[in-house]
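Peer 1: Here it is, the structure in full.
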Amino acid sequence: MKEELDTAAPLDGPLDGPVDAPLDGPLRSPEHMESDLRELTATVQNPHLRRLLGAVFGESTPTWASYREAPAAKRYHQAYRHGLLEHSLAVAQAVGAISATFPGIDRDVAVTGALLHDIGKLDTYDLRGGEISMSDQGRLHGEIALGYYRIRRTIERLGGFPSDLAQAVLHIILSHHGSLEHGSPVVPCTREATLVHMIDNLGGRLGSFDRLEKELPAGERWSAYDKALGAGAYFPAPPGTERQAA
Numbered sequence: 179m180k181e182e183l184d185t186a187a188p189l190d191g192p193l194d195g196p197v198d199a200p201l202d203g204p205l206r207s208p209e210h211m212e213s214d215l216r217e218l219t220a221t222v223q224n225p226h227l228r229r230l231l232g233a234v235f236g237e238s239t240p241t242w243a244s245y246r247e248a249p250a251a252k253r254y255h256q257a258y259r260h261g262l263l264e265h266s267l268a269v270a271q272a273v274g275a276i277s278a279t280f281p282g283i284d285r286d287v288a289v290t291g292a293l294l295h296d297i298g299k300l301d302t303y304d305l306r307g308g309e310i311s312m313s314d315q316g317r318l319h320g321e322i323a324l325g326y327y328r329i330r331r332t333i334e335r336l337g338g339f340p341s342d343l344a345q346a347v348l349h350i351i352l353s354h355h356g357s358l359e360h361g362s363p364v365v366p367c368t369r370e371a372t373l374v375h376m377i378d379n380l381g382g383r384l385g386s387f388d389r390l391e392k393e394l395p396a397g398e399r400w401s402a403y404d405k406a407l408g409a410g411a412y413f414p415a416p417p418g419t420e421r422q423a424a
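Quick note on the numbering used here: the sequence shown kicks off at 179 and runs consecutively.
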């Protein structure tokens with residue numbers, strides 16, 4: 179059946195209304211994830227980037243209220259309440275850990291970009307009424323453009339934000355899908371953008387395994403073909419649980 183155009187407003191505060199069980203949820207509580215996010219943002223040393231993160235993730239900001247509740251996708255991975263927080267935090271934590279391994283990476287820029295890379299999904303998806311749908315803005319502009327403009331407006335409101343830092347963070351948002359055919363208007367051209375793209379892609383693919391494992395019928399080891407993975411997913415039995423061969 180043809181999907182109807184959703185005219186709901188984008189997310190601009192805590193989400194209300196019932197959420198059906200099929201939407202599932204993260205393994206960790208939102209309170210635990212929020213604590214981890216605040217611990218991570220406290221490690222960012224650059225004062226301008228800390229101001230930006232505070233403007234987005236400050237406890238009293240409407241943006242934080244939306245970010246905490248929003249889904250990460252309509253389907254495929256973390257398509258449930260708090261999914262955006264779960265996904266973006268995991269990407270940012272991995273980016274922060276890996277940054278020290280490779281020379282030349284600005285960890286502050288990479289972590290900030292990782293936390294903000296999917297911010298456009300606040301204007302793209304609506305979770306009210308028990309199902310995830312897309313806003314008109316999401317359909318007409320796409321989450322990357324919406325994220326770029328949201329963070330650009332925030333930076334402009336802050337005032338005195340260095341143009342090179344703004345360029346670095348905005349490039350991560352614009353390029354995080356990795357290629358033009360996957361929806362990015364530019365490809366990653368910096369170390370930080372390349373790192374965020376690669377970890378974001380990894381997080382999305384592993385999130386697909388989580389989704390497929392939850393849907394797997396009892397006793398089955400293989401999922402059906404999954405478009406996101408390009409194959410079926412295999413889930414072996416935990417070591418020692420298979421009956422020993424006679």
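Cβ atoms here follow ideal geometry from the backbone N, Cα and C, with glycine treated the same way. Just so you know, these numbers come straight off a predicted model, no measurement behind them.
One question on the structure: do H360 and D378 come within less than 7 Å of each other, judged by their Cβ atoms?
Peer 2: As a first step, residue 360 is located in the sequence shown; it is residue number 182 there, counting from the start. As a first step, residue 378 is located in the sequence shown; it is residue number 200 there, counting from the start. Cβ distance not < 7 Å, so H360 and D378 don't count as in contact.
Peer 1: Go ahead and pull the three-state DSSP assignment for S311.
Peer 2: Within the sequence shown, the letter at position 133 stands for residue 311. Three-state DSSP puts S311 in a strand.
Peer 1: Would you call the CB atoms of R369 and G282 closer than 7 Å?
Peer 2: Stepping through the sequence shown from its first residue, residue 369 is reached at position 191. Stepping through the sequence shown from its first residue, residue 282 is reached at position 104. Yes, Cβ-Cβ distance for R369 and G282 is below 7 Å.
Peer 1: Is F304 helix, strand or coil by DSSP?
Peer 2: On the sequence shown, residue 304 is found 126 positions in, with the first residue counted as 1. Residue identity check: residue 304 is Asp in the sequence provided, not Phe. D304 falls in the strand class under three-state DSSP.
Peer 1: Give, in chain order, every unbroken run of the beta strand (DSSP E) that is at least 3 residues long and sits entirely within the region 337-417.
Peer 2: The qualifying runs do not exist here; there are none.
Peer 1: When the distance is taken between beta carbons, is V374 closer than 7 Å to H295?
Peer 2: The residue given as residue 295 occupies position 117 in the sequence shown. The residue given as residue 374 occupies position 196 in the sequence shown. Yes, the pair counts as a contact, with Cβ atoms nearer than the cut-off.
Peer 1: Within this structure, are the beta carbons of G298 and E321 separated by less than 7 Å?
Peer 2: Looking up residue 298 in the sequence shown gives position 120. Looking up residue 321 in the sequence shown gives position 143. Taking 7 Å as the Cβ cut-off, G298 and E321 qualify as a contacting pair.
Peer 1: Checking 7 Å against the spacing of the C-beta atoms, do A371 and H349 come in under that value?
Peer 2: Start at 1 with the first residue of the sequence shown, and residue 371 comes out as number 193. Start at 1 with the first residue of the sequence shown, and residue 349 comes out as number 171. Going by C-beta atoms, A371 is nearer than 7 Å to H349.
Peer 1: Would you call the region 325-344 and the region 303-314 in contact, with 3 or more CB pairs under 8 Å?
Peer 2: Too few Cβ pairs lie closer than 8 Å, so no.
Peer 1: Keeping to the same chain, check which residues put their C-beta closer than 7 Å to that of V222; ignore five residues upstream and five downstream.
Peer 2: Locating residue 222 in the sequence shown gives position 44, where the first residue counts as 1. Closer than 7 Å at the Cβ level, and outside the excluded window around V222, lie R228, L231, D286, V289, T290.
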